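To keep things clear, I will list the structure first and then write my remarks on it.
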DNA sequence: AGCCTGTTCGT
DNA sequence: CGAACAGGC
Ligand SMILES: Cc1cc2nc3c(=O)[nH]c(=O)nc-3n(C[C@H](O)[C@H](O)[C@H](O)COP(=O)(O)OP(=O)(O)OC[C@H]3O[C@@H](n4cnc5c(N)ncnc54)[C@H](O)[C@@H]3O)c2cc1C
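Numbering (UniProt numbering), first residue to last: 1 to 481.
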């Protein structure tokens, strides 16, 4: 069994298939250089190391030895894997598919290399509730609108989704001794492990606690960051400590097994799981997502700003907009940010500062413990209005309005911006110049109104190009300035 | 899962 | 003078 971002023994299709074929051993490749190239955060790397350690203990209980090898890049994997296969006399290899281009190319190269050794390699779909590519429009196309995708997803859920797999049965004896020493060479930070304790049991506990205590209120509370009312399961899902299939079934169990009607909290949470599913299916269909291409190609013509000073103020939480700054400091502190605030901060970067969404996408990836290409790219292209089913360009968030709506008493702002704690509930969303000075807090780095007017003009110029195909692109752009 | 502005109707 | 709604971006 070749493990990647599917670091669990429960509900693991490839592991189950391997075990059904006979005596099983497991391997994991730590690829620090590749992780760096993929902008994995320090936190995510620390957590993956912790999770592989935890996995090796879980596998040991089943008498399945785990070997951890360190190579720099994916390109080194096929040969090392083939070597290991020979050494251990492995006759078949099992793995779960990943849909990012480099990950899937790596699995293809592994399959080809092993084929040369007459060792078959079998891939399984584990990341999606319904395997990508299976949800189709009537004409066989790919859904680009979420609500349409969701409708068909729910219709086909009973027939196209797999059931949950149990943990495989214990083997009578370990074929050989495992070795995860290579993990100790990877530098990790303690902080992340205490913020996000790893282990499959931990993930299950958190899922159960969420279902027991929070899912009923999820519809009404999910948008209020100070309530901590969401599951915070995303880091566990990203590493594969838990599958979305397990989440789906857990949610249904709190709703008499139903997924289309009943408990509104459950239905809203399932809706979010389907967003994750939607973005993964899209990445499978459009792998160009991994090449920093926007869904709407014409938006590449927008004259995005390259202002490093503004970008830096955003990154460090010094924009002078309290809700934005509190959110960015939550990201720095936890390696995680509430969904509402991801939208607010992404919208602020791309619309108020008019900075290229790819800068933000990359920075999020470098900071998040739940960094996931499909969801992150989906979220950024939604916010930047460059995506399929994205926010229309004119539907711009006002950061102060968002703050008043979703943090009315400033509880969240005070948590991350203690320097503003003394301000009253009304002005904390938008301190006056005098208040800001007194608190040692920056003045707003942009005029929201002006910024919004200008960004709308840029997008409108684009739609002119789009409407009038006869007009050469370059001319339209130079007219716009 | 938007926000602003203007209008109309009621108090 | 506020709520409710419509329309534009
Ligand atoms: C700009 C931006 C960037 C994002 N980057 C990431 C990312 O790198 N990794 C990531 O996992 N999510 C990302 N998201 C989606 C979402 O913000 C997080 O999944 C969510 O905040 C995680 O918190 P939670 O586990 O408490 O979510 P819950 O509210 O408990 O939802 C449960 C699960 O559903 C999925 N989910 C929820 N909302 C979304 C969504 N909007 N899109 C896709 N999946 C969703 C997640 O897997 C989440 O763990 C991003 C969203 C935006 C707007």
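Note that CB positions come from ideal geometry on N, CA and C, so glycine has one too.
Being a predicted model, the structure only gives us computed values, none of them experimental.
Nonlocal neighbours in the same chain, by C-beta distance under 6 Å from residue i, ignoring five residues either side
| i | result |
| --- | --- |
| residue 277 | 128 and 129 |
| residue 231 | 210 |
| residue 410 | 425 and 428 |
| residue 28 | 3, 52 and 68 |
| residue 275 | none |
| residue 252 | 259 |
| residue 385 | 391 and 393 |
| residue 22 | none |
| residue 161 | 129 and 130 |
| residue 313 | 319 and 445 |
| residue 219 | 264, 265 and 268 |
| residue 459 | 393 |
| residue 188 | 46 and 49 |
Nearest residue (CA-CA) to residue i, options the options
| i | options | result |
| --- | --- | --- |
| residue 369 | 445, 319, 237 and 324 | 237 |
| residue 176 | 182, 328 and 89 | 89 |
| residue 31 | 20, 45 and 23 | 45 |
| residue 138 | 149, 73 and 132 | 149 |
| residue 454 | 390, 401, 354 and 141 | 354 |
| residue 18 | 124, 117, 78 and 84 | 124 |
| residue 7 | 76, 102 and 98 | 98 |
| residue 378 | 159, 457 and 272 | 272 |
| residue 85 | 397, 166, 422 and 115 | 115 |
| residue 20 | 110, 403, 171 and 343 | 171 |
| residue 306 | 360, 328 and 286 | 360 |
| residue 283 | 104, 16, 61 and 87 | 104 |
| residue 166 | 365, 366 and 16 | 16 |
| residue 321 | 299, 352 and 297 | 352 |
| residue 11 | 329, 113, 163 and 87 | 163 |
Distance between beta carbons of residue j and residue i, contact taken as under 8 Å
| i | j | result |
| --- | --- | --- |
| residue 375 | residue 279 | 5 Å |
| residue 412 | residue 225 | 5 Å |
| residue 495 | residue 178 | Because the chain is modelled from 1 through 481, residue 495 falls outside the range shown and cannot be assessed. |
| residue 14 | residue 94 | 4 Å |
| residue 445 | residue 227 | Rounded, the Cβ-Cβ distance is 29 Å, inconsistent with contact. |
| residue 399 | residue 323 | 6 Å |
Cβ-Cβ distance between residue i and residue j below 8 Å
| i | j | result |
| --- | --- | --- |
| residue 9 | residue 53 | no |
| residue 192 | residue 43 | yes |
| residue 233 | residue 195 | no |
| residue 132 | residue 38 | no |
| residue 156 | residue 119 | no |
| residue 442 | residue 436 | yes |
| residue 26 | residue 198 | no |
| residue 290 | residue 100 | yes |
| residue 146 | residue 135 | no |
| residue 408 | residue 420 | no |
| residue 223 | residue 406 | yes |
Distance, residue j Cα to residue i Cα
| i | j | result |
| --- | --- | --- |
| residue 347 | residue 288 | 23 Å |
| residue 40 | residue 143 | 29 Å |
| residue 256 | residue 267 | 12 Å |
| residue 448 | residue 350 | 12 Å |
| residue 345 | residue 461 | 25 Å |
| residue 200 | residue 242 | 7 Å |
| residue 56 | residue 63 | 10 Å |
| residue 117 | residue 108 | 15 Å |
| residue 82 | residue 71 | 14 Å |
| residue 235 | residue 362 | 17 Å |
| residue 316 | residue 331 | 10 Å |
| residue 325 | residue 337 | 12 Å |
| residue 416 | residue 250 | 33 Å |
| residue 254 | residue 248 | 10 Å |
| residue 372 | residue 319 | 26 Å |
| residue 341 | residue 327 | 6 Å |
| residue 245 | residue 203 | 14 Å |
| residue 159 | residue 151 | 14 Å |
| residue 403 | residue 439 | 19 Å |
| residue 480 | residue 343 | Because residue 480 sits at a pLDDT of 37, beneath the cut-off of 50, its placement in the model cannot be relied upon, and the point is left open. |
| residue 397 | residue 452 | 9 Å |
| residue 471 | residue 141 | Only weak support is given to the placement of residue 471: the predicted model assigns it a pLDDT of 45, under 50, and the question is left unresolved by the model. |
| residue 61 | residue 112 | 32 Å |
7 Å CB neighbourhood of residue i in its chain, flanking five on each side removed
| i | result |
| --- | --- |
| residue 381 | 294, 295, 357, 387 and 390 |
| residue 106 | 74 and 77 |
| residue 240 | 5, 6, 7 and 8 |
| residue 110 | 77, 78, 81 and 121 |
Spatial neighbours of residue i in its chain, beta-carbon cut-off 8 Å, leaving aside the 5 residues before and after
| i | result |
| --- | --- |
| residue 33 | 72 and 73 |
| residue 102 | 34, 38, 74 and 290 |
| residue 333 | 416 |
| residue 173 | 63 |
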